[in-house]
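So the sequences go chain by chain: A and B. 13 is the number of the first residue of the first sequence in our numbering; add one for each residue after it. 4 is the number of the first residue of the second sequence in our numbering; add one for each residue after it. Glycine included, each C-beta is placed from N, C-alpha and C at the ideal position. See structure below.
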Amino acid sequence: MPQTQTRLQVFLLGARDTFPLIVGAVPFGIIFGALAVSNGIHPLTTAGLSLFVFAGSAQFIAVNLIAQHTSVALIVLTTFMVNLRHALYGASIAPHTKHLSQRWLIPLAFWLTDETYAVVVSKWTNAQQTLPHLEWYHLGSSLAMYGNWQLVTWIGILAGSQFQNAEQWGLDFAMAATFLGIVVPAVINRPMLVCAVVAGVVGILANGLPNNSGLMVGAFAGILAGYLVETYLTPAQEQRA
Amino acid sequence: MNAAIIIFGMFLVTFGVRYGSLVITQQIALSPAFMRALRYVPVAVLTALTIPFLVYRENGLDLSLQNPYWGAGILTIVCSALTKNLILTIIVGMGAFFVWRMVLGS
């Protein structure tokens, strides 16, 4: 059936368009797996995070928090906070996926990562695009990311089992460097800078709070500060920058 | 057992946000103010997590030269600001960390 073939072609095209981002995810999956097991987290727990949660930065943060013996509730709350950005993704493609059934929406939502969103958003929102069966394109991108993430997580687990003491190897700093390398390029304007500075300073001041909850206090202070500066102190043209 | 609960909880909130935003916003639009506030979330969370980790060591707040974490952290921030290249930033940061620890560390 030509119809089926077209879907397969679109599926493969989605996977192919995601390839550069897959390459970018390779070192992070390996670092994640290695960090987790060298922090004493069981290989199956590590693999389970990649299999069931499938959210890179949240997984890194969870490793950090589990290693610090943080409570389950705060780990889950932090995960929620970090992944709130995905609400922006969902909301931006939602008007274009209304026709899809739950059979499609549920898996596409589960696999909605930063990378796949970056690849598919222009297809979904561009009225001029002529690709048929966009949901298959989206699926191809999703499955390519997902399969690769499982693979590189296991490579990291196997590598990390070779050296058990993460701190001795400075691997805990590798995680901090990763986060800094994500944050700094995201500070593109004054409100973002205020957000980061306030979050960091309040995070330090609130560090003694029980259960690592200073993290949430710092994060909320940063969000509020950034939002207020954008709303009240920034000229309209800079807001769009 | 604890691990299973953590994985399940993390799955629930991650999938919840992804699926919820995809389905709920088909019915009702999120308020523009809320959407704007969301943009600050990643920077705020990651900074509030990382900065205290760099300056608080076993013995509390440690801004001495013997603490390689915050010194190498500053170099990492500078490298990221100059290059905006994530992999390069991690490599330079790790290098700075090891050299700092070897030369000045206790």
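At a cut-off of 8 angstroms, the C-beta of asparagine 201 of chain A has no neighbouring C-beta in chain B.
Judged by DSSP secondary structure, histidine 98 of chain A falls within the alpha helix (DSSP H) whose first and last residues are 97-105. Taking all protein chains shown into account, isoleucine 80 of chain B has 16 or more neighbouring C-beta atoms within 10 Å of its C-beta and is therefore buried.
Sixteen is the threshold: since fewer than 16 other Cβ atoms of the shown chains lie within 10 Å of the Cβ of leucine 56 of chain A, the residue is exposed. Put simply, of A:Thr125, A:Ser134, A:Arg28 and A:Met187 the residue whose alpha carbon is nearest the alpha carbon of isoleucine 93 of chain B is A:Met187. Look at threonine 190 of chain A: its C-beta is under 8 angstroms from a C-beta on chain B. If you draw a 10 Å sphere on the C-beta of glutamine 71 of chain A, you find 16 or more other C-beta atoms in it, and that means buried.
Per the coordinates, the alpha-carbon of histidine 81 of chain A lies some 42 angstroms from the alpha-carbon of lysine 110 of chain A. In this structure, DSSP gives glycine 52 of chain A a state outside helix and strand, which the three-state scheme calls coil.
Per DSSP, leucine 77 of chain A is one residue of the alpha helix (DSSP H) stretching across 68-79. The straight-line gap separating the alpha-carbon atoms of glycine 152 of chain A and leucine 117 of chain A is approximately 14 angstroms.
A buried status is given to arginine 42 of chain B, since no fewer than 16 other beta-carbon atoms sit within 10 Å of its beta-carbon. When DSSP states are grouped into helix, strand and coil, tyrosine 43 of chain B belongs to the coil group. The contact set of glutamine 69 of chain B on chain A, defined by CB atoms closer than 8 angstroms, is empty, because the minimum CB distance reaches about 15 angstroms.
Excluding sequence positions up to five before and after valine 95 of chain B, its CB lies within less than 6 angstroms of the CB of Cys82, all in the same chain and listed in chain order.
For leucine 64 of chain B, the beta-bridge partners assigned by DSSP are B:Tyr59.
In this structure, the straight-line span from the alpha carbon of cysteine 207 of chain A to that of leucine 155 of chain A is close to 35 angstroms. Between isoleucine 42 of chain A and the set A:Ser83, A:Gly238, A:Thr190 and A:Ile169, the nearest pair of CA atoms involves A:Ile169. A direct Cα-to-Cα measurement between alanine 237 of chain A and tryptophan 148 of chain A gives close to 41 angstroms. In its chain, beyond the 5 residues on either side, Pro71, Gly74 and Ala75 have a beta carbon closer than 6 angstroms to the beta carbon of tryptophan 103 of chain B.
Burial of isoleucine 73 of chain A is indicated by the presence of at least 16 other C-beta atoms within 10 angstroms of its C-beta.
Ranking A:Ile105, A:Asn219, A:Val49 and A:Ala231 by CA distance to the CA of tyrosine 59 of chain B puts A:Asn219 first.
At a cut-off of 8 angstroms, the C-beta of serine 83 of chain B has a neighbouring C-beta in chain A.
Against chain B, the beta carbon of glycine 102 of chain A has neighbours under 9 angstroms at Val20, Arg21, Tyr22, Gly23, Ser24, Leu25, Val26, Ile27 and Thr28, listed in chain order. Interface with chain B (8 angstroms Cβ-Cβ cutoff): lysine 135 of chain A is excluded.
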